[in-house]
Structures are given as C-alpha cells and as structure tokens.
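Under the working numbering, the first residue of the sequence shown is numbered 3, with each subsequent residue one higher.
Idealized CB from N, CA, C, for every residue including glycine.
The block underneath contains the structure these notes are about, expressed in structure tokens.
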Amino acid sequence: MGATILDGKKVSQLVKEKVKKEVRELLEGGATPPGLAVALVGEDPASKIYVRKKGEACEEAGITSHQYNLPDTVTQEELLSLVRDLNGREDVNGILVQLPLPSHVDSKTVLEVVDPLKDVDGFHPYNVGKLVANDVNLLPCTPSGIMEILDHYRIPIEGADAVIIGRSDIVGKPMAIMLMHRHATITVCHSRTRNLAQVAAGADILVAALGKARLVTAEMVKEGAVVIDVGMNRVEGKLTGDVDFEAVSEKASHITPVPGGVGPMTVAMLLKNTLTAYRKQTGR
Ligand code: NAP
Numbered sequence: 003m004g005a006t007i008l009d010g011k012k013v014s015q016l017v018k019e020k021v022k023k024e025v026r027e028l029l030e031g032g033a034t035p036p037g038l039a040v041a042l043v044g045e046d047p048a049s050k051i052y053v054r055k056k057g058e059a060c061e062e063a064g065i066t067s068h069q070y071n072l073p074d075t076v077t078q079e080e081l082l083s084l085v086r087d088l089n090g091r092e093d094v095n096g097i098l099v100q101l102p103l104p105s106h107v108d109s110k111t112v113l114e115v116v117d118p119l120k121d122v123d124g125f126h127p128y129n130v131g132k133l134v135a136n137d138v139n140l141l142p143c144t145p146s147g148i149m150e151i152l153d154h155y156r157i158p159i160e161g162a163d164a165v166i167i168g169r170s171d172i173v174g175k176p177m178a179i180m181l182m183h184r185h186a187t188i189t190v191c192h193s194r195t196r197n198l199a200q201v202a203a204g205a206d207i208l209v210a211a212l213g214k215a216r217l218v219t220a221e222m223v224k225e226g227a228v229v230i231d232v233g234m235n236r237v238e239g240k241l242t243g244d245v246d247f248e249a250v251s252e253k254a255s256h257i258t259p260v261p262g263g264v265g266p267m268t269v270a271m272l273l274k275n276t277l278t279a280y281r282k283q284t285g286r
C-alpha cells in the first residue's frame with residue numbers, strides 16, 4: 003500500500019493564511035505593518051530565486067519586504083554596517099542575510115551582528131542557545147516547518163525513535179533538538195556513521211537532510227515509518243530529494259514529496275517568525 007503524502011504545500015498555505023489574517027487584524031487595529039529585510043550578496047541564481055520568493059510571500063501576507071542587493075565585491079564591513087542599520091530601524095522586524103556569502107565575508111561574524119530579536123532565520127548563537135535550553139525565541143525555519151507538518155498530520159512524536167541523517171547547523175542539529183524536546187528518542191547520523199542503513203531502518207521517524215540525491219533507499223526504511231525528505235538536489239535539471247521516493251513510498255506510512263514537501267514550509271515559517279518578532283518588538 004502506498005504511503006500517505008505529507009502535503010507541505012497545503013500545510014504551508016494554512017500557515018501563510020494564518021499569518022495573513024493576523025497581519026490584517028493588526029493593520030485594522032491601526033498598527034504599522036511588520037517588515038522583513040533580506041540582504042542578498044552576489045548573483046547566485048538559486049539565492050536570487052529564494053530571495054524573490056521570500057519577497058513575494060511577504061507582500062502576499064501583508065508584510066513589507068525590504069530587499070538589499072549587494073555586489074559580490076561588498077566588503078564585510080559594508081555588510082555589517084547594513085545589518086547594524088537594519089537592527090536600529092523600527093520598520094524592520096526581521097533580518098535575513100541570504101546564505102551562502104562570498105568567501106571573503108565571514109558568515110558567522112555577520113550572523114552574530116543581527117539583533118537576536120530580529121533573527122528570523124534563528125541562526126544567531128543566542129537563539130541556538132534558547133532552542134537548546136527549550137526556552138524558544140525564534141526557531142530555524144526548515145526544522146520548525148517539519149514539526150508543523152508532523153503536527154498537522156498528527157504524527158505521534160513522544161517516545162518515537164527518530165533518526166536524522168545530517169548534522170548541519172541549519173537543519174539536522176536543530177531538528178534533533180526539536181524532536182528531543184518533544185520526547186522522541188534521537189539518533190543523529192552523518193558522513194562517518196557506520197551502518198547507516200541499519201541505523202536508519204530502526205527509525206519510526208526518518209529525516210533525510212544530507213543533500214545526496216535518492217541516497218535513502220527502501221532497504222533503509224522500516225515498514226510503516228514516517229519519512230521526511232529535506233533534500234533539494236538538482237539531477238539533470240530536476241529537483242530531487244534525498245529519498246528514493248517511488249520505492250520508499252511503498253514501505254513508509256507517510257512521506258514528504260520533493261517538490262511540495264518541506265520546501266514550501268521554509269518560506270511559510272519565515273513569515274511566521276517575522277510576525278513573532280514583530281509581536282515581541284512591539285508588544286502587540
Ligand atoms: P549540509 O550542510 O551539506 O549537511 C549535510 C549533512 O549530511 C552533513 O552533516 C553530512 O555529514 C551529512 N552527510 C552527507 N553525506 C552523507 C552520507 N553519505 N551519509 C550520511 N550522512 C551524510 O546540508 P544542509 O544545509 O543540512 O542541507 C541538506 C539538504 O537539505 C540539501 O539537499 C539542502 O539543499 C536541503 N535543504 C532544504 C531546505 C528546504 O527548505 N527544503 C532547507 C535547507 C536545506 P558531515 O557532517 O559528516 O559532513
């Protein structure tokens with residue numbers, strides 16, 4: 003029997019509509035609109051698409067989008083100066099510096115200068131610490147979007163064996179912590195993991211966030227597992243996940259497709275974070 007498709011497009015739409023409704027209510031109450039500033043450095047085509055999509059989603063939700071396109075010759079000090087300026091602006095409630103940055107700019111330094119209350123990506127060490135301490139401020143968008151999907155489909159998390167393949171700061175690590183806080187038992191795998199297939203096959207919830215097209219095969223998945231595919235790989239120009247969707251969906255109970263699974267959630271959670279940041283800053 004085929005798995006139930008976890009429809010991220012649908013869930014993201016629900017999140018975006020809720021944000022839009024809340025923003026409309028704020029505006030009707032006389033408030034100024036929330037604002038999100040996005041800084042893009044250089045001409046990376048994928049980054050340009052992401053930034054454009056984020057801007058469009060903001061406008062759709064009633065959030066003002068401020069976009070800054072900087073040449074890849076920008077100096078670190080110039081970028082830091084823009085971020086400091088945005089930190090001080092009342093009409094900017096969220097700040098996002100699109101990654102990756104050119105190699106002459108130290109991403110860590112830039113991300114640390116973002117005001118933690120405006121850090122809608124949830125990458126600032128303050129917010130990472132808050133997440134680890136389970137005292138949440140702003141959460142990273144991709145893993146929090148995955149939690150939203152799991153909750154929408156009422157996937158039981160408490161007591162589940164969750165295996166996360168990937169330990170990046172933006173996906174794998176925060177994902178593991180969020181699932182742990184919801185009382186799953188966590189295993190985090192990475193490139194040095196021995197017997198990856200065997201470990202993955204023990205999972206009730208399997209999150210694939212490794213960035214290797216279709217590496218997760220049916221043999222690595224337990225019958226009835228919930229499979230979340232974070233991967234976004236280009237194979238012959240086609241967006242492809244980390245999971246062998248056709249074979250795995252015959253075995254899993256639930257699975258996210260690529261595209262239409264985790265991807266759309268990331269932008270929706272960015273809007274949600276911008277509204278959260280706005281409320282914290284304005285007390286509204
Ligand atoms: P990343 O920083 O490259 O991290 C990949 C992780 O996977 C690393 O921890 C790496 O291990 C591990 N890994 C790589 N090959 C492996 C293998 N053969 N076996 C076991 N583990 C392996 O990637 P990321 O930023 O987390 O992104 C992961 C994927 O998700 C990418 O395809 C990315 O495009 C996608 N993504 C999607 C969204 C979305 O909105 N849908 C958002 C972010 C990322 P080591 O630590 O040992 O190197």
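Residue i vs residue j beta-carbon contact at 8 Å
{"i": "V250", "j": "T258", "result": "no"}
{"i": "A211", "j": "G243", "result": "no"}
{"i": "V94", "j": "A59", "result": "no"}
{"i": "G96", "j": "T276", "result": "yes"}
{"i": "G165", "j": "T189", "result": "Here residue 165 turns out to be Val, not Gly, going by the sequence shown. It is a contact, given that the beta carbons lie within the stated cut-off."}
{"i": "H126", "j": "E114", "result": "yes"}
{"i": "V43", "j": "L82", "result": "no"}
{"i": "V13", "j": "H154", "result": "yes"}
{"i": "I151", "j": "L8", "result": "yes"}
For residue i, the three-state DSSP class (helix, strand or coil)
{"i": "L208", "result": "strand"}
{"i": "R216", "result": "coil"}
{"i": "D123", "result": "coil"}
{"i": "L139", "result": "What sits at residue 139 in the sequence shown is Asn, not Leu. If DSSP states are grouped into helix, strand and coil, N139 belongs with coil."}
{"i": "K224", "result": "coil"}
{"i": "G131", "result": "helix"}
{"i": "Y280", "result": "helix"}
{"i": "V245", "result": "strand"}
{"i": "A254", "result": "coil"}
{"i": "I97", "result": "strand"}
{"i": "G37", "result": "strand"}
Sequence-distant residues of the same chain with beta carbon closer than 7 Å to residue i, five excluded per side
{"i": "L101", "result": "S109"}
{"i": "K274", "result": "V17 and V21"}
{"i": "I179", "result": "L133 and V134"}
{"i": "A279", "result": "N95, G96, L119, K120, V122 and L140"}
Outcome for residue i when other beta-carbon atoms lying within 10 angstroms are tallied against a minimum of 16
{"i": "N136", "result": "exposed"}
{"i": "H256", "result": "buried"}
{"i": "T284", "result": "exposed"}
{"i": "L29", "result": "exposed"}
{"i": "V237", "result": "exposed"}
{"i": "T268", "result": "buried"}
{"i": "T75", "result": "exposed"}
{"i": "D87", "result": "exposed"}
{"i": "K56", "result": "buried"}
Close-in-space but distant-in-sequence residues of the same chain around residue i (CB under 6 Å, 5 per side omitted)
{"i": "R216", "result": "D246"}
{"i": "D121", "result": "N129 and L140"}
{"i": "V99", "result": "A41 and V112"}
{"i": "G226", "result": "S255"}
{"i": "S146", "result": "M271"}
Contacting residues, own chain, Cβ-Cβ under 8 Å from residue i (five flanking each side not counted)
{"i": "G4", "result": "S251 and E252"}
{"i": "V25", "result": "P35, P36, A63, G64, I65 and L277"}
Residues that residue i bridges to, as DSSP identifies them
{"i": "D163", "result": "T187"}
CB contact below 8 Å: residue i versus chain C
{"i": "G226", "result": "Protein chain content of the structure displayed is limited to a single chain, and chain C is not contained in it."}
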